[in-house]
Structure formats: structure tokens, C-alpha cells
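A.B. asks:
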Amino acid sequence: DVTRSNPNGDPDDENRPRMDEQGYNLVTDLRLKRTIRDFWLAQEREDRKVLIKRVLKDDKKNVMSLEDIITKELGIENKENVSREELQNKLPEKYIDVRAFGAAVTFKKANVSITGSVQFGIGKSLNKPEVITMGLTTVLSATGESGTGTMGQFHYVDYSLIQFHGIACEYNSKETKFSEEDLEAVYEGLWLGTKKLNTRSKFNHNPRLLFAVVSKENEFQIGGLDTKIKLKEEENILSCENAVIIMDEIAEALKLHKEKILKIEYAETKELVYL
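Just so we're aligned, residue -17 is where the sequence shown starts under our numbering, counting upward by one.
1. Indicate the three-state DSSP secondary structure (helix, strand or coil) for Q25 in the structure shown.
2. So who's on the other strand from T106, going by DSSP bridges?
3. Would you identify the three-state DSSP class for S95, choosing helix, strand or coil?
4. Going by beta-carbon coordinates alone, are G5 and K110 separated by less than 7 Å?
5. In this structure, how does DSSP classify I258 when only helix, strand and coil are distinguished?
6. Return the residue from the list I18, E112, S(-13) that minimises the CA-CA distance to E170.
7. Thinking C-beta only, is V113 closer than 7 Å to P(-11)?
8. Helix, strand or coil for F83, going by three-state DSSP, please let me know.
9. List the whole-angstrom C-beta distance separating A76 from L56, where the pair is believed to meet the contact cut-off of C-beta under 8 Å.
10. Given a cut-off of 7 Å, decide if V32 and N186 are closer than it, judged by their beta-carbon atoms.
11. DSSP puts R(-2) in a beta bridge; with which residues?
12. Tell me where the beta strand (DSSP E) around R190 begins and ends.
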């Protein structure tokens, strides 16, 4: 959830929080993946290298292209001769975000599109938050010359309890060599990465509940679990203590398919109230 913050601004709408026509707050899957990647980057390990990142190529702050990053980090001497098979094999081997989320890479003579094991839908709030606009001023002139500072606006939601739904596909995992350890790293990025968001627009983000339903059988998933969690009241919710979550439908779905469920893994904070 987020309190007095902007979980995912829309650059085409003055960076206001994304809202649908019914008044629910939306957050793209790209924003969530960025949170996870930033967590991995902050604690980068040899088995958790990240491909999609911002790398400066000189002191003028010019940014390296994806092609340049791959060429440098994979030790490719001649990018003109790189093959599709080489990229298909080496990218998942080196980068956890490729194994998890996939990547589309284009070289002059080699194009590769890798489908990651983990895919998320668009996040949507369970409540209907209010969008608030605040005026901002700066002391310094935007041009560096003498004069007054600039004026602007900051848009945020008062409180938004956001639900994401994702699937880890065992078949894509075979292609990318995505492992159980990688999946644990995704969980860490979701939970701890959300806690570590610390810019002005991303302040006051907290993970509240994370649970995973692990199936016994190949090709089985219950489906639609994200539609079975609702709030008792959707409006005038200003904190997680006011958000009463109705769990009846999801509990029934899990009971109905319990013979096909291997286990349920979860993490939670104690602030939420369930019925």
C-alpha cells in the first residue's frame, strides 16, 4: 500500500497517479519489475546480475545502450558476428532479470526475444483513493541565473491498497533455467524492494501481504485468484487499519482445489484486518 504518495505516475497526464474510469488506482507491471530490479542492483551478486539498468558510458553522463552493455559484460569482441544462439544461451545464464522477466535484444545480425518465467498483470487498488494535487516551489532558478525559483505540482493518492497478480511458469523456467533460488529472489524483491523505495514520489510504500499457491500437477492453476479478494468498504479508506479484507471467495477456491495444491507460502504484516 501507499500513503500520501504516487505509486506510478502517468507521464502523459502530468505524472498524476494512474486511475481507471471506476476510480481505482492502477500500477503497471513495469513499475513493479523496476522495484524488484532496483533491489537486486542495490545488492548485486554474481548470481543476481541485472541487465535492464542505467549505465553511464562517460563523464558527460551519456547512457550506454542495451547493445553496448551486453557487448561489454558478455565479453563480445565483435558485435557484428554475434549469433542469436549465443544471446539465447548467455543472457539467461548471466542475468537474473532475463531468467525471471525475459528480454528483447536486437543486434545487427541477431535478434532474440526471451519470454521470462514470471509475468505480472496490471496492479489495481482494492479501494477507491482520492487524488490530491499540491503546489510546489523551488528556491533556485531553473536556469541557474538570478531570479525566482520555479513552480510546479505534485500529485498523489491519499491511500491506496494495491493488489498484483503474477504467475511463475514452469515451462518457461526450463527454457531460461529459472530456479527455485531465483523465485526466492523475486519474493525478496517484491517484499524488501517495496520497503526500500525512498524517493519523494515513492515514499510511504509498504508490503502488506504476499502469498503464493504452489500446484502439485503440471499445467494446473486455479486462475482468477486476484478477483476473489475484496474490501468490505472501498471508499474513505485512509490507512490499512481501515481496510477490512474479505477472504471468503479465495478461501473457498483454495479448499475446492486443495488436492492439487502442494503448499501455500506467505508473508504478512499484522496491520491488515481479514474476514
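Think of the CB as a built atom: it goes at the ideal place given N, C-alpha and C, for glycine as much as any other residue.
C.D. replies: The relevant details are as follows:
1. Stepping through the sequence shown from its first residue, residue 25 is reached at position 43. DSSP places Q25 in coil when its eight states are reduced to three.
2. On the sequence shown, residue 106 is found 124 positions in, with the first residue counted as 1. A small fix is needed here, since residue 106 is Lys in this sequence, not Thr. Bridge partners of K106: L8, Q145.
3. In the sequence shown, residue 95 corresponds to position 113, counting from 1. In this structure, S95 counts as strand in the three-state DSSP scheme.
4. In the sequence shown, residue 5 corresponds to position 23, counting from 1. In the sequence shown, residue 110 corresponds to position 128, counting from 1. Yes; because the gap between Cβ atoms is below 7 Å, this pair is in contact.
5. The shown model of the chain, from -17 to 257, leaves out residue 258, and the question about it has no answer.
6. Counted from its first residue, the sequence shown places residue 170 at position 188. It is I18 whose Cα lies nearest to the Cα of E170.
7. For the purposes of this step, residue -11 is taken as the residue at position 7 of the sequence shown. For the purposes of this step, residue 113 is taken as the residue at position 131 of the sequence shown. Against a cut-off of 7 Å, the Cβ pair of V113 and P(-11) comes out as no contact.
8. In the sequence shown, counting from the first residue as 1, residue 83 sits at position 101. The answer is helix: DSSP assigns F83 an H, G or I state.
9. The sequence position of residue 76 within the sequence shown is 94, counting from 1. The sequence position of residue 56 within the sequence shown is 74, counting from 1. Residue identity differs from the one stated: residue 76 is Lys in this sequence, not Ala. So it is a contact: roughly 7 Å between Cβ atoms.
10. For this step, residue 186 is matched to residue 204 along the sequence shown. For this step, residue 32 is matched to residue 50 along the sequence shown. Cβ distance not < 7 Å, so N186 and V32 don't count as in contact.
11. Residue -2 sits at position 16 when you count from the first residue of the sequence shown. D(-8).
12. Reading the sequence shown from its first residue, position 208 is the one you call residue 190. Run containing R190: none; DSSP gives neither H nor E here.
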